[in-house]
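Residue 296 in my numbering sits at position 192 of the sequence shown, and the numbers go up by one each step.
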Amino acid sequence: MNEFSPLEGIGHVVLDVILALAPLVLFFIAYQVISLRLPRAYVTSLFKGIVITLIGMVLFFQGVAIAFIPAGQSIGAYFGSSDYVWALVPFGFFLGFLTTYAEPAVRVLCYQIEQSSSGYIRGSLILYTLSFGVAVSVGLGMARIIYGFSFLPLMIAGYILAILLIRFADRDFVAIAFDSGGVATGPMAVTFLMSLAVGVAASLEGRDAVTEGFGLIAFIALAPILSVLVLGILFKHKKGGKT
105 MNEFSPLEGI GHVVLDVILA LAPLVLFFIA YQVISLRLPR AYVTSLFKGI
155 VITLIGMVLF FQGVAIAFIP AGQSIGAYFG SSDYVWALVP FGFFLGFLTT
205 YAEPAVRVLC YQIEQSSSGY IRGSLILYTL SFGVAVSVGL GMARIIYGFS
255 FLPLMIAGYI LAILLIRFAD RDFVAIAFDS GGVATGPMAV TFLMSLAVGV
305 AASLEGRDAV TEGFGLIAFI ALAPILSVLV LGILFKHKKG GKT
């Protein structure tokens, strides 16, 4: 058995994070020199924040690489090869909820929504709405992998339904809904849930691991759009009842 090392591959993670942050830093420096001219104390604090962000991203992605991805694949392979493969549907629902609830990008989105709406739209409400929507989509995605029904009709019907719901939803929620689709497919979902789907598909005969894994991410991207639009319809009716 190979000895476990928590620092295995961390050099590549550090390089990837630096390459991701470098364009933003260079962009800020250019605008600072050309036009912003922010105070030195502000610039110093900003660069301290960038360093903290870099360290945090390295630790997070390293943790994902050595823990979440292998764990997801192992759990998926275990359930996929067991006699209780149907249990993946409720288990996927549970994991979909928890993963979205813990997603850092979702937390940031919910905070920004509450701040920009001056508390009219509570961040906790958006958080639970997104978590429930993703939970349903992961459960459905697991059922699709297990029973092998077609993926394309579900996606087409889902986006047609989203377009129809736009007409009835509160206008403030439309932009939130479509932003939520991208936010929900953050590092937690893409690493843990996709690796779970890959593990399940690899253990089932006739399933393509790559197709099933990315298919689940497509479901996850669609679910928050629908759930937030439904919430927007409820808010619109509530607002109409008060007027």
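For glycine and all other residues, C-beta sits at the position ideal for the given N, C-alpha and C.
Predicted, not measured: the structure shown is a model, and the values here were computed from it.
Helix, strand or coil for Pro143? Go by DSSP, reduced to three states.
coil
May I ask you to verify whether the stretch 306-318 touches the stretch 191-202, counting CB pairs closer than 8 Å and requiring at least 3?
no
Go through its chain and collect everything with a Cβ distance to Gln177's Cβ below 7 Å, but skip five positions before and after it.
Ser299, Val302, Gly303
I need the DSSP call for Asp120, collapsed to helix, strand or coil.
helix
Three-state class that DSSP yields for Thr289 in the structure shown
coil
For Ala322, I'd like the list of residues in its chain whose CB is within less than 7 Å of its CB, leaving aside the five on either flank, ordered along the chain.
Met259
Which of helix, strand or coil does DSSP assign to Arg211?
helix
Here's the rule: buried if 16 or more other CB atoms are within 10 angstroms of the residue's CB, otherwise exposed. What is Gln219?
exposed
Can you give me the start and stop residues for the alpha helix (DSSP H) that Phe201 sits inside?
192-205
Please indicate yes or no: does the CB of Gly310 lie closer than 8 Å to some heavy atom of the ligand ZN?
With respect to the ligand ZN, the structure offers nothing, as it holds no ligand at all.
Could you check if Glu309 is buried or exposed, using at least 16 other CB atoms within 10 Å of its CB as the buried criterion?
exposed
Can you tell me which of the three DSSP states Pro110 falls into?
coil
Give me, in chain order, the residues of the same chain whose beta-carbon lies closer than 6 Å to that of Tyr135; leave out the 5 immediate sequence neighbours on both sides.
none
Flag this pair as yes or no: are the beta carbons of Gly288 and Ala313 separated by less than 9 Å?
Checking the sequence, you will find Ala at residue 288 rather than Gly. Cβ distance not < 9 Å, so Ala288 and Ala313 don't count as in contact.
With a threshold of 8 Å, are at least 3 pairs of Cβ atoms found where one atom belongs to the stretch 137-147 and the other to the stretch 169-186?
no
Do Glu207 and Ala293 have their CB atoms nearer than 9 Å?
yes
Span of the alpha helix (DSSP H), counted from its first residue to its last, around Ala261:
256-270
With the cut-off set at 9 Å, would you say Gly184 and Ala305 are in Cβ contact?
yes
Can you have a look at Asp187 and say buried or exposed, based on whether 16 or more other CB atoms are within 10 angstroms of its CB?
exposed
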